[in-house]
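In my numbering, the protein residues as written are 0 to 66.
C-beta atoms are modelled at their ideal positions from N, C-alpha and C, and glycine is treated no differently.
Computed from a prediction, not measured in an experiment: that's the story for all the values here.
To start, the structure itself, in structure tokens.
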Amino acid sequence: MTIKEDINMKIGKGRFINRPSKTGNKLYDRYFIYIPTYVAKDKDFPFENGEEVVVKIEGGKLVIEKA
């Protein structure tokens, strides 16, 4: 069974990516977390496109909440 096969599970594999961008002569790190489409389009997904979120680390886990 792959992760996507169980429709009742709202779980999938995403990615954490650094996409550096250059502004003037400086290079700045920009980090993104990609969420699989089938997870983000689920009716119970709590966020909308462009919505601000709070990101924190609790007990060794990354927590993302509505701002």
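- DSSP lists L61 as the bridge partner or partners of I56.
- Our two residues, V52 and Y30, have alpha carbons roughly 14 Å apart in a direct line.
- Contact check for R14 against Y33 passes: the beta carbons are separated by less than 8 Å.
- Linking E64 to T22 through their CA atoms gives a straight-line distance of about 29 Å.
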